Amino acid sequence: MEVITAIRGRRAINYFDPQRPVPEELLRNLLELAALAPSSFNLQPWRVIVVDDPEKKALLRECAMGQPKVEEAPVVLILVADPGVVEEYGEEVLRDRLAKGYLKDESQIEGVKAVFYQLYGDRESLRRKLFAVKNTALFAMNLMLAARGLGLETHPMDGFEEPCVKRVFGIPEDKLVPMLVAVGYPRPGVKLLERPARRPPEVFTSRNTWSTS
Ligand SMILES: Cc1cc2nc3c(=O)[nH]c(=O)nc-3n(C[C@H](O)[C@H](O)[C@H](O)COP(=O)(O)O)c2cc1C
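Below you can see the structure in the form of structure tokens.
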């Protein structure tokens, strides 16, 4: 599917077909495509919990303001932003960059690690959390567009209690949960309401300096 078509056609789908599962291979393909999203220094600070067990979906729905789509969609992805990726995965990312010629030699590795801390702060800092969340949001958007290309539909959600999701799914305290994304096929016969209006570029854009007029 052409990218403009995917963007124009994507909608937050409220009604999923509960009878139509997402084939495992397709789901893997979707996650692989989503992971082609860009990320700061390629650090990829996202993790995904695939929820397809009906009992787990029922529990997730309780955390998510009772939203029916959480149970009706065949799969709900819990997108987790991991601030700890710098410490846990940074070395591997830099070794890959070295092997591919982005770094000249081994001696640059420690220098770039120092830049990580300069840019993304200490592990517990707000800066580090923002780093993890912004990159995970790019992963989410890539996933939603890739889904269109694979013939799937999605629905992003932040209408949930994060502490509840963390407790039920055993997510460690230092992680963040920016959103859930329901994935599946639209329920046959259901017509979507017209897309909610977007503000036009003239309203949200200024040139060369901040301006709201
Ligand atoms: C981060 C995020 C969180 C959202 N959370 C919810 C939600 O919890 N429940 C819901 O019904 N819609 C949710 N939405 C869907 C939006 O309402 C929807 O994307 C918006 O109205 C525009 O509609 P469209 O996506 O069909 O163009 C969310 C969207 C985003 C991007």
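Quick note: the sequence shown, position 84, residue 84 per the UniProt record's numbering, numbers continuous. Just so it is clear, CB atoms sit at the ideal spot from N, CA and C, and this is done for glycine as well. Every value quoted in this text rests on a predicted model; they were computed, and no experiment measured them.
Going by C-alpha to C-alpha distance, which of the options sits closest to residue i?
i	options	result
residue 142	32, 15, 64, 17	32
residue 181	35, 44, 51	51
residue 159	60, 191, 27, 213	60
residue 115	62, 174, 43	43
Name the one or two DSSP bridge partners that residue i has.
i	result
residue 75	183
residue 46	81
residue 176	81
residue 154	12, 183
residue 51	76
Taking 9 Å as the CB-CB cut-off, is residue i touching chain B?
i	result
residue 67	Note that chain B does not occur in the displayed structure, where there is just one protein chain.
Pairing CB atoms from the region 139-159 with CB atoms from the region 12-31, are three or more of them under 8 Å? yes
Using a strict less-than 5 Å threshold between each residue's beta carbon and the heavy atoms of ligand 3, what residues do you get? Here the bound small molecules are ligand 1; ligand 3 is not part of this structure.
Would you be able to state if there are at least three C-beta pairs under 8 Å between the region 105-125 and the region 63-81? no
Touch check for the region 181-197 and the region 72-85: three-plus C-beta pairs under 8 Å? yes
Count the C-beta pairs between the region 161-179 and the region 80-87 that are closer than 8 Å, then say yes if the count reaches three, no if not. yes
Touching or not, the region 193-200 and the region 86-104, by the rule of three or more beta carbon pairs under 8 Å? no
Does the contact criterion of 3 or more C-beta pairs under 8 Å hold for the region 113-120 versus the region 162-173? no
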